[in-house]
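Shown next, in structure tokens, is the structure this report addresses.
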Amino acid sequence: MFHKKGNTFHRKCDERVSASEYREAISDALSQELGGAGRATKSTMRWTGASERTTKNWISGSYGPTGENLIALMKHSDTVFAVVLELAGRSEAISVARLKLVREELAGILSDLDTICADECDQ
1 MFHKKGNTFH RKCDERVSAS EYREAISDAL SQELGGAGRA TKSTMRWTGA SERTTKNWIS
61 GSYGPTGENL IALMKHSDTV FAVVLELAGR SEAISVARLK LVREELAGIL SDLDTICADE
121 CDQ
């Protein structure tokens, strides 16, 4: 028989997200990005490889995706990615990611403008 030795320390998790908040946030994100339940289910199944019943449970908010499935959803869905960062209290990461996308788009536009201006100057 083993005797209990030492103290057990419990972390304070005041900022912890509840399971219901998580399920609802993922459900809302999938519904918002993918629209109707049929389309959302098929896309979610394709992205994750999860069964139809499982993905319907995520979309309805009965259950939330775990581990590998959440990562797959974040890989394919900007909305799910943003929701997870928001739940984690990392909103600044969303802004940085958006700024990077805007910067890349602007670089493309400037390149197109340079091409147009060079073509017109040659004429």
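Heads up: the sequence shown at position 85 corresponds to 85 in the numbering used here, and the numbers run straight through without jumps.
Just so it is clear, CB atoms sit at the ideal spot from N, CA and C, and this is done for glycine as well.
Source: prediction; values computed, not measured.
From what residue to what residue does the alpha helix (DSSP H) around residue i run?
i	result
Ala-88	Note, Ala-88: premise wrong, no alpha helix (DSSP H); not H, not E.
Thr-54	52-60
Thr-48	37-48
How is residue i classed by DSSP in three states: helix, strand or coil?
i	result
Ser-95	helix
Gly-64	coil
Arg-16	coil
Ser-77	coil
With burial defined as no fewer than 16 other Cβ atoms inside 10 Å of the residue's Cβ, what is the status of residue i: buried or exposed?
i	result
Ile-26	buried
Ser-91	exposed
Ala-107	exposed
Thr-55	buried
Leu-99	exposed
Thr-66	exposed
Thr-48	buried
Val-102	exposed
Ser-111	exposed
Thr-41	buried
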